[in-house]
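J.:
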Amino acid sequence: MPVTEYDDKVLVTLPSDASTQFTVLKYGATVVSYKTKGHENLFLSQAAKLDGSKPVRGGIPLVFPVFGKESDESNPLSKLPQHGLARNSYWEFLGESSSADDSIAIQFGLYPDIANAELTSLWDNDFTLVLTLELSPNSLRTHIEVENPIKSSKDLKFNWLFHTYFQIDDIEDTFVTNLTGSNVYDQLMKSDYIDKFPVIQFTEEFDKIYSNVKDDIFTQIVDRGEVLHTLKKKQLPDLVVWNPWIEKSKGMADFEPKSAYQKMVCVEAGHVKDYITLKPGQKWFGEQTLCEEALTYQAI
Ligand SMILES: O=P(O)(O)OC[C@H]1O[C@H](O)[C@H](O)[C@@H](O)[C@@H]1O
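Residue numbers (numbering that gives the first Met the number 0): 0 to 299.
1) Rounded to whole angstroms, what's the CA-CA distance from residue 248 to residue 150? Just pull it up for me.
2) Select from 144, 166, 226, 276 the residue whose C-alpha is nearest the C-alpha of residue 233.
3) Could you tell me the boundaries of the alpha helix (DSSP H) in which residue 19 lies?
4) Hey, quick one: how far does the beta strand (DSSP E) through residue 283 stretch, first residue to last?
5) Taking residue 94 as the reference, which of 1, 66, 260 has the closest Cα?
6) Determine, using beta carbons only, whether residue 287 and residue 177 come nearer to each other than 8 angstroms.
7) Scan the stretch 182-220 and note each continuous beta strand (DSSP E) run of 3 residues or more that stays entirely inside, going in chain order.
8) Does ligand 1 have a heavy atom nearer than 7 angstroms to the CB of residue 69?
9) My understanding is that residue 92 touches residue 4, with C-beta atoms under 8 angstroms, so please give their C-beta distance in whole angstroms.
10) Comparing the CB of residue 145 with every heavy atom of ligand 1, is any distance shorter than 7 angstroms?
11) Does the pairing of the stretch 72-85 with the stretch 44-62 give three or more beta-carbon distances under 8 angstroms?
12) Following a CB-centred definition, is residue 265 positioned closer than 7 angstroms to any heavy atom of ligand 1?
13) Consult DSSP for residue 258 and reduce its assignment to one of helix, strand or coil.
14) Could you check whether the stretch 191-198 touches the stretch 253-263, counting it as contact only if at least three pairs of C-beta atoms, one from each stretch, sit closer than 8 angstroms?
15) Provide the residue(s) that pair with residue 12 in DSSP beta bridges, ordered along the chain.
16) Rank 225, 263, 158 by C-alpha distance to the C-alpha of residue 69 and give the top, closest one.
17) Just the Cα atoms here: how many angstroms apart are residue 122 and residue 73?
18) Taking only the alpha-carbon atoms, compute the straight-line gap between residue 295 and residue 244 and give it to the nearest angstrom.
19) Looking at the structure shown, is residue 295 part of a helix, part of a strand, or coil, going by DSSP?
20) Under 8 angstroms, with one C-beta from each stretch per pair, do the stretch 161-177 and the stretch 212-226 reach the 3-pair mark?
21) Quick one: give me the first and last residue of the alpha helix (DSSP H) that residue 248 is part of.
22) What separation, rounded to the nearest whole angstrom, lies between the Cα atoms of residue 120 and residue 132?
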């Protein structure tokens with residue numbers, strides 16, 4: 000059975016090989032597991048809340064309409080908590096959207112009348128989100144379409160980000176490639192610069208936004224020369240790279256075991272350096288694909 004719906008989640012398996020599969024919670028439409036031939040690609044904290052009591056610490060949480068916290072109090076988005084309301088709302092499961100000979104896709108929708116009411120009361124905007132999750136033998140494609148409904152009375156301004164937690168073997172043997180030459184904003188140092196290093200390595204807490212990364216660049220997570228994950232994207236110009244390291248891990252109650260910072264890295268594709276603006280009736284889409292590619296160095 001390629002698509003199995005439960006009360007709180009949906010399990011999707013590849014028609015030709017059930018060990019290639021993903022599981023997505025209806026809460027936040029959060030993918031919490033993505034396995035390729037039985038191998039788990041995503042990190043999920045052992046203390047992650049999967050009961051809808053708080054956003055999931057792991058998998059692929061969805062960030063909308065704001066990345067981080069908007070500090071300008073004149074901006075209505077400043078009323079929302081960090082990373083907005085998509086990851087802490089129950090989405091509507093819309094069923095199977097397509098299936099080819101060896102791929103299968105399902106969709107979820109989110110709109111104000113089913114979103115987290117406490118948060119939509121703080122941010123009074125109309126929106127229609129349709130998330131498509133497509134599984135193929137060697138990839139998981141996540142596609143988001145955002146619409147400002149024609150009946151809306153105002154422009155829709157928003158960020159979007161797939162907050163992907165990748166599982167790795169050892170953070171100190173891991174690097175992230177193909178972001179050399181990008182504009183970087185270091186969220187810890189609060190500084191902007193051009194990245195000159197050939198690869199990203201990790202020796203401490205790391206929290207940087209790489210911006211204006213072209214869609215033909217694909218980012219790879221590499222462990223001692225072996226490519227663990229490849230991320231491709233469309234219409235998502237920014238990549239956030241984050242590892243909480245020791246102290247920040249200690250400060251997150253839902254991050255367990257505390258040593259797990261060594262087993263994960265977030266590489267998050269999004270549009271976060273400025274807001275996308277849609278007039279009533281307009282649509283936008285963004286897409287990421289987690290796939291398998293040989294080690295490929297691309298000059299920026
Ligand atoms: O704890 P959360 O709200 O899920 O945020 C977790 C992390 O998300 C992103 O990676 C940000 O760049 C980090 O600054 C933030 O700490």
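In this text, a Cβ means the ideal position worked out from N, Cα and C, and glycines have one as well.
T.: Concretely, from the data shown:
1) 44 angstroms
2) 144
3) Looking at the DSSP string, residue 19 is not in any alpha helix (DSSP H); the run it does join, the beta strand (DSSP E), is 16-24.
4) 282-290
5) 1
6) no
7) 182-185, 190-193, 198-200, 205-210
8) no
9) 6 angstroms
10) no
11) yes
12) yes
13) helix
14) no
15) 20
16) 158
17) 12 angstroms
18) 27 angstroms
19) coil
20) yes
21) 244-249
22) 29 angstroms
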